[in-house]
Every structure is written in C-alpha cells, then in structure tokens.
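For the protein sequence lines, the chains are A and B, in the order given. Under numbering that gives the first Met the number 0, the first residue of the first sequence carries the number 0, and numbering increases by one thereafter. Under numbering that gives the first Met the number 0, the first residue of the second sequence carries the number 0, and numbering increases by one thereafter. All residues carry an ideal CB built from backbone N, CA and C; glycine is no exception. Owing to the predicted nature of the structure, the values given are computational and were not obtained by experimental measurement.
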Amino acid sequence: MWQGLHQEFQAHDVDVVVIGIEVDAAVCHRYIDKAPELAAAGLSLIDSAHSTVGALNFRNVPMALWVDADGTIALPAHHSPVTPGWGDRPLPEGLPPRMLGRLELLRAGSDRHQEYLAALRRWVQTGEVPQTTAGGLTEAQTLAVAAFELGDHFRRLGNNDAMVQCWRDAHRLDPDNWAAKRQAWSMVTTADGAARDLVQEDTGPYDGNWLDDVVAVGGINKYYPPAPW
Amino acid sequence: MTVSADEWAEGTGWHLEESGWCSGDRCLPLAGLTRDLQGRFDTAQLAAATNRAVYSRSDAWGVGVVSVGPEHGDQSTAMVGRALPDLTLQDRNGNAVSLASLVGRRRRMVLHAWAPW
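Rendered as structure tokens:
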C-alpha cells in the first residue's frame, strides 16, 4: 500500500520514508526481500537501534509521523492503518486456540483505515492537519527506552542474561512500548536455537505475551489507539 | 559515573558552550552542576538537568554501564511544531542516512514505521 501512496504522493511533492525497526538489520533485509513493495515504497531505512522508539515515539507498528518542509512535526507519531482491518472476513477453520483468539481480537478492532487515508491525503494535498495535543514521553517511558538500549548493548556483546534483565525492566517500566516487547518476544528461541512457536505465545524468560497483554490493556483499540480525528 | 562534555555531546546532541548546555536554540545554565578534577560531569546530575533518565546495570565483570534515555518532556506541551529530531539510520546498503538530510527535499515527508516482528 505504501508503494502506491509513494507514487501517488510524488505528484504532490511529498516524500514517503519507510523505517523498519529491528535490532538485527539482516532480519529486516530478508523481510524486505520477500515484500518488495516495502523496498519500492519510497526511501527504505532500517532502525537497528530502536532510536525512533524514543525519539519519535514509534512504540508500536504500524505508526507514522508527518513532517513539514521546514523539518517541524506536523502530526506526531500515530497509528497509521493504511490497509483494511480484518472486518467481517471469516476466520480460517482449525486454527490453534490462541491464534484464533488473536485474530478475533484483531477483528474486534475499529477499522479506521478509510478515515486515516482520507486525513493523510488531505494533508498531502492541502496541508490541513488534524488537531492533536500529543505530548512527549514520560520519564518512565524514557527510562524504559534507556533500559532497552542497554539490553541491546549487552545482546551485541553476547551477554544474554544481562540483556534479558534489562529488557524485562523495559517491559515493566513501559507496558505500552510494544516495540520493546515484541522485539524481545520475537527473539526467544528453544534451547537448540530454533524459533519458538510464537503462535502459542511462548515468550520464554519474559513476562506476558501478545494476546494476554493486549486483552489486559483493554483490547485492540487501546493497543492501536485511534488517531485524534 | 562521570562523562566528558564531548561524550555527552556525541550521545545527546547537547553541547557545552559559554552560556551552558545548548541544543538547537535552547540553552541550560551550568549552575549547580559539579565537575571533577578532570572536568568531567556527574552523569546522573547532568541527565537530570537535561530531562533525561539514567538506567544502569553491571556488566559481566561487575563494571557499571549506564544508558541515558531520550529527553522526556512536559506532557502538556504538544509535539506539533517541534523540530524533527535528527537520527541516523541505515539504508539497505548499510549507509548511514541522517533524517535531517531528508528535510526540505520535498514539500512534506511521511515517516512510516514497520517491523518484521
């Protein structure tokens, strides 16, 4: 979808920059290779330090931020649904219970992609921007960012025990930093190094998992807070 | 734990100038910040003065390692109209790309975050 928007927005002199957040850049590269629309959706960058999480408040994905020509923020970080949600699509049969629960949760979310695309196109074409009062990160949220960063430092040194301690702290300090949680969960492996069955949400040394945590925060509309329009 | 002015500038973008610690058009006075005999600043004190959180752990050898978080802000102050923070990311070929270098190339810019997880 961003590929199409990139082409559409070029006519209005608007850049699209897609940023993949992942501590292992090679994982991003493999993903992009399988999803060439990402490579074709404007400039494609990789944030292997999660620096956009703290600096731009990209604490979940997909999120976006709009920037004016003078480099000022026109609209701070917000959920950016450019593709349709699950809506009333039938769910496949025979899914494991937790996968089914996950899809049912996603399906229960408000599908606001049409509203979002309309607002995005209005800004691109006229400069009209939705009103918002979004502020900066709290001290606890920035402390969580620092904890995640130190954990990643230990990960790069091969000190996995220290990494887990830091990342557990990051999750505790900012339960809404889904980037920190999902990054950690995605790297949990079995003893012989194979990827865990994340469908069943085995998050190893970390507390919580996607399904239970999203339910705990109040459902998908809290996980993806609606933009202010 | 202490930090030199150059180390702090490299990590946070706040530079030591005659008028104090400055970033962009903002400056904070040096008053109240102590320095050791080598002219280094106390990390926790400097972080608090510049609205940053400090997280620390010991490494495998028992040496303390500190991570300084991004600037936390007044929740009542809207982000709208603030300058886009300058971050350095990588393109697909591993080249460093500064977000600041992308500003002004076109009339507007949309940053879109995705992840493989």
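If we define contact as Cβ-Cβ less than 8 Å, is residue i a contact residue for chain B?
i: A:I263; result: The structure shown does not extend to residue 263 of chain A, since chain A is modelled only from 0 to 228, so the question has no answer here.
i: A:R154; result: no
i: A:T82; result: no
i: A:Y30; result: yes
i: A:D87; result: no
i: A:R181; result: yes
i: A:M62; result: yes
i: A:A73; result: yes
i: A:V123; result: yes
i: A:A312; result: Outside the modelled stretch of chain A, which goes from 0 to 228, sits residue 312 of chain A, for which no answer is possible.
i: A:D201; result: no
i: A:T141; result: yes
i: A:T189; result: no
i: A:V216; result: no
i: A:V213; result: no
i: A:S79; result: yes
Whose C-alpha, out of the options, is nearest the C-alpha of residue i?
i: A:R58; options: A:R111, A:A194, A:R181 and A:D14; result: A:R181
i: B:V93; options: A:P95, A:R167, A:E148 and A:I45; result: With the sequence shown as reference, residue 93 of chain B is identified as Gly, and Val is not the correct amino acid for it. It is A:I45.
i: A:L102; options: A:V214, A:P224, A:A226 and A:P225; result: A:V214
i: A:D14; options: A:A48, A:G70, A:T51 and A:S50; result: A:G70
i: A:G157; options: B:V64, B:D58, B:M0 and B:S18; result: B:D58
i: B:E70; options: B:V79, B:G80 and B:V53; result: B:V53
i: B:A114; options: A:A193, A:D67 and A:C27; result: A:C27
i: A:G84; options: A:S109, A:R97 and A:L64; result: A:S109
i: B:T136; options: B:T11, B:L83 and B:P28; result: Outside the shown range of chain B, which is 0 to 116, sits residue 136 of chain B, and nothing can be said about it.
i: A:A68; options: A:R88, A:H11, A:A25 and A:I31; result: A:H11
i: A:A146; options: A:I219, A:Q6 and A:G53; result: A:G53
i: A:T141; options: A:Y222, A:N220, A:F153 and A:H49; result: A:H49
i: B:D85; options: B:V102, B:R91 and B:M78; result: B:V102
i: A:G86; options: A:T137, A:L104 and A:P224; result: A:L104
i: A:H78; options: A:P91, A:A63, A:E92 and A:I72; result: A:A63
i: A:A179; options: A:M162, A:F8, A:V66 and A:G134; result: A:M162
i: A:N220; options: A:D175, A:L90 and A:A183; result: A:D175
i: A:R167; options: A:G207, A:D191 and A:P129; result: A:G207
i: B:R100; options: A:R29, A:A73 and A:V16; result: Here the sequence assigns Ser to residue 100 of chain B, which means Arg is not the residue at that position. Here the closest residue by C-alpha is A:V16.
i: B:C21; options: B:R91, B:D5, B:V96 and B:R34; result: B:D5
i: B:V96; options: A:D151, A:L42, A:R88 and A:D23; result: A:L42
i: A:G3; options: A:P89, A:G192 and A:R120; result: A:R120
i: A:P225; options: A:H112, A:E92, A:S47 and A:P95; result: A:H112
i: A:A139; options: B:R91, B:V79 and B:G72; result: B:G72
i: A:G218; options: A:A76, A:A183, A:G100 and A:A34; result: A:G100
i: B:G80; options: A:I31, A:A117 and A:Q130; result: A:Q130
Please decide whether residue i counts as near chain A, where near means a Cβ-Cβ distance under 8 Å.
i: B:Q89; result: yes
i: B:P28; result: no
i: B:H14; result: no
i: B:D58; result: yes
i: B:A8; result: no
i: B:A48; result: no
i: B:W20; result: no
Look up residue i in the DSSP assignment and give the residues it is bridged to.
i: B:Q89; result: A:I45 and B:A95
i: A:L64; result: B:L110
i: A:H77; result: A:A63
i: B:R56; result: B:V64
i: A:V13; result: B:R107
i: B:E70; result: B:R51
i: B:F40; result: B:V2 and B:R34
i: B:L27; result: B:W20
Is the distance from the Cβ of residue i to the Cβ of residue j below 8 Å?
i: A:Y115; j: A:H170; result: no
i: A:W1; j: A:V81; result: yes
i: A:L210; j: A:R106; result: no
i: A:V187; j: A:D173; result: no
i: B:R56; j: B:V64; result: yes
i: B:A48; j: B:L27; result: yes
i: B:L88; j: A:I18; result: yes
i: A:V66; j: B:L15; result: no
i: A:T132; j: B:A82; result: no
i: B:R51; j: A:V123; result: no
i: B:V2; j: B:R39; result: yes
i: A:L74; j: A:V128; result: yes
i: B:Q44; j: B:L36; result: no
i: B:A160; j: A:V60; result: Only positions 0 to 116 of chain B appear in this structure, which leaves residue 160 of chain B out of reach.
Tell me the residue span of the alpha helix (DSSP H) that contains residue i.
i: A:H28; result: A24 to K33
i: A:Y205; result: Counting along the chain, A:Y205 falls outside any alpha helix (DSSP H), and DSSP gives it neither H nor E.
i: B:E6; result: A4 to T11
i: A:R171; result: N159 to L172
i: A:E7; result: W1 to Q9
i: A:W177; result: W177 to S185
i: A:L210; result: W209 to V216
Counting along the chain, where does the beta strand (DSSP E) carrying residue i start and finish?
i: A:P96; result: Looking at the DSSP string, A:P96 is not in any beta strand (DSSP E); the run it does join, the alpha helix (DSSP H), is P96 to R106.
i: B:E16; result: H14 to E16
i: A:E127; result: Here A:E127 belongs to no beta strand (DSSP E), and DSSP marks it neither H nor E.
i: A:G135; result: Segment: none, A:G135 is in no beta strand (DSSP E) and carries neither H nor E.
i: B:W117; result: Outside the displayed span of chain B (0 to 116) sits residue 117 of chain B, for which this structure offers no information.
i: B:L83; result: Where B:L83 is concerned, there is no enclosing beta strand (DSSP E), given that its DSSP letter is neither H nor E.
The ligand FAD and residue i: does any heavy atom of the ligand fall closer than 7 Å to the residue's C-beta?
i: B:A46; result: Within the structure as shown, the ligand FAD is missing, as the structure has no ligands at all.
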